[in-house]
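Here's the structure we're looking at; comments come further down.
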Amino acid sequence: MRASDAIVVEELTKRYRGGVQALSGVSFTVREGEIYGLLGPNGAGKSTTVRILATLTRPDSGRAVVAGHDVLREPGQVRRKIGYVAQASGVDRWATGRENLLLQGHLERMPGRELRRRVDELLQQLGLEEAADRLVNTYSGGMRRRLDIAMGLVHRPAVLFLDEPTTGLDPESRALLWADLERLRAQGSVTILLTTHYLEEADRLCDRLAIIDHGRVIVEGTPAGLKAELQGDRVTLEIEGDASQAVRALDGLPGVLEAVSNGSEVVARVSEGATAIPLLVTALERAGAAVSAVTLSRPSLDDVYLHYTGHRYRGEGEPEEASLAAGAARRS
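Numbered by the UniProt record's numbering, the letters in the sequence shown go through residues 1 to 332 in order.
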């Protein structure tokens, strides 16, 4: 473990009662001061990983070190170094925002004067000053979530775990929370491990991320780097009828690197979009699939997920199975 590593995870496995394999050899490293994301659909193993790192669940095997302490041998030291914000809000709705933060600080045994200064600082940083002395049951969902994060930060942890922090928030509240997290990163005082099933959130916030699928880390890297590895353009063709058979018409077509069907869409990754579009349309129409619309774009994290897992990404649930065209170039 390097001095600059805030979290080191090596070959974690976890099987729940009933035979559900939640983790199958998960490994990754988080550097100090960065926002690191675990991206994957619900059920991929993200929350299980975070609960193990926060000493709330024991792994069946493997090793994890957080802020220099082993989570199995030194759980007490780990807990003193971390903040943990679960998916479900942990605030007392019948206390004020300030009272929630003071109570959290008392539980962390912070001295009174230091605690009061820290509470004022967090209320200001997270835009809760004006609402500080109102009951939390009057807060919006976004305000409650910012208070959750403030409670996780009150004792100045070295590492902050955020498990699906923006799930259930409206787009405006989500954007405000993203801005708060970006300010925390700019301060460089805390390492953040973030789980999310939102592609846009991972792309915007994470310095690096790991894509998790069925309890395994499929690929790891920066959002920009992962997208850059997928050469070429993305062409989405809307067709009339079922695309699952039509996609076969693209097999072996020059310039087509990868192609899948998704309902009434055919999505192809091609070496040169402008050149490939006429060829794609002609091939599909010869196969009896009338093309009603065409969209050209650069590769996204959605394409990265497809490339490495073989299925389209559906953030709110399990990934949708996608039919890979024969001959598509894809890493195993």
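The beta carbon of each residue, even a glycine, is placed where N, CA and C say it ideally should be.
Separation of residue j from residue i, as counted between CA atoms
{"i": "residue 37", "j": "residue 286", "result": "43 Å"}
{"i": "residue 320", "j": "residue 311", "result": "Note that residue 320 scores a pLDDT of 39, beneath 50, so its modelled location is shaky; the value from the coordinates is reported in the next line. Cα to Cα, the separation comes out at about 6 Å."}
{"i": "residue 13", "j": "residue 48", "result": "10 Å"}
{"i": "residue 242", "j": "residue 190", "result": "49 Å"}
{"i": "residue 127", "j": "residue 195", "result": "23 Å"}
{"i": "residue 18", "j": "residue 203", "result": "35 Å"}
{"i": "residue 420", "j": "residue 15", "result": "Since the first and last residues shown for the chain are 1 and 332, residue 420 lies out of range."}
{"i": "residue 66", "j": "residue 74", "result": "10 Å"}
{"i": "residue 294", "j": "residue 277", "result": "8 Å"}
{"i": "residue 22", "j": "residue 239", "result": "38 Å"}
{"i": "residue 244", "j": "residue 250", "result": "11 Å"}
{"i": "residue 96", "j": "residue 133", "result": "5 Å"}
{"i": "residue 80", "j": "residue 186", "result": "23 Å"}
{"i": "residue 84", "j": "residue 78", "result": "11 Å"}
{"i": "residue 32", "j": "residue 131", "result": "32 Å"}
{"i": "residue 172", "j": "residue 200", "result": "14 Å"}
{"i": "residue 262", "j": "residue 306", "result": "12 Å"}
{"i": "residue 255", "j": "residue 283", "result": "13 Å"}
{"i": "residue 292", "j": "residue 253", "result": "20 Å"}
Residue i and residue j closer than 7 Å at C-beta
{"i": "residue 247", "j": "residue 266", "result": "yes"}
{"i": "residue 63", "j": "residue 57", "result": "no"}
{"i": "residue 257", "j": "residue 232", "result": "yes"}
{"i": "residue 55", "j": "residue 71", "result": "yes"}
{"i": "residue 45", "j": "residue 221", "result": "no"}
{"i": "residue 40", "j": "residue 212", "result": "yes"}
{"i": "residue 336", "j": "residue 219", "result": "Because the chain in this structure spans residues 1 to 332, residue 336 falls outside the shown range and cannot be described."}
{"i": "residue 25", "j": "residue 10", "result": "no"}
{"i": "residue 273", "j": "residue 304", "result": "no"}
{"i": "residue 205", "j": "residue 184", "result": "no"}
Where residue i sits in the DSSP three-state scheme
{"i": "residue 112", "result": "helix"}
{"i": "residue 97", "result": "helix"}
{"i": "residue 251", "result": "coil"}
{"i": "residue 235", "result": "strand"}
{"i": "residue 72", "result": "coil"}
{"i": "residue 87", "result": "coil"}
{"i": "residue 19", "result": "coil"}
{"i": "residue 24", "result": "strand"}
{"i": "residue 48", "result": "helix"}
{"i": "residue 333", "result": "A query on residue 333 cannot be resolved here, the shown segment of the chain reaching from 1 to 332 and no further."}
{"i": "residue 57", "result": "coil"}
{"i": "residue 6", "result": "strand"}
{"i": "residue 37", "result": "strand"}
{"i": "residue 350", "result": "This structure gives no information on residue 350, because the portion of the chain shown stretches from 1 to 332."}
{"i": "residue 105", "result": "helix"}
{"i": "residue 121", "result": "helix"}
{"i": "residue 228", "result": "helix"}
{"i": "residue 128", "result": "coil"}
{"i": "residue 64", "result": "strand"}
{"i": "residue 189", "result": "coil"}
Any chain C beta carbon closer than 7 Å to residue i
{"i": "residue 279", "result": "Judged by its chain identifiers, the structure shown contains no chain C, having just a single protein chain."}
Run through the stretch 133-174 for me and flag every whole alpha helix (DSSP H) of 4 or more residues, listed as ranges in chain order. 141-153
Going residue by residue through the stretch 262-307, where are the continuous alpha helix (DSSP H) segments of at least 4 residues, counting only ones entirely within it? Restricting attention to alpha helix (DSSP H) runs no shorter than 4 residues, the stretch 262-307 encloses them at 273-286, ordered along the chain.
Kindly confirm or deny that the stretch 139-159 and the stretch 175-186 touch, where touching means at least three C-beta pairs closer than 8 Å. yes
Counting pairs of beta carbons, one from the stretch 88-96 and one from the stretch 113-122, are three or more of them closer than 8 Å? Touching, no.
Contact between the stretch 214-231 and the stretch 292-303 is defined here as three or more beta-carbon pairs at a separation below 8 Å; is this criterion met? yes
Which ranges would you report for the beta strand (DSSP E) in the stretch 193-225 if only whole runs of at least 3 residues count? 208-213, 216-221
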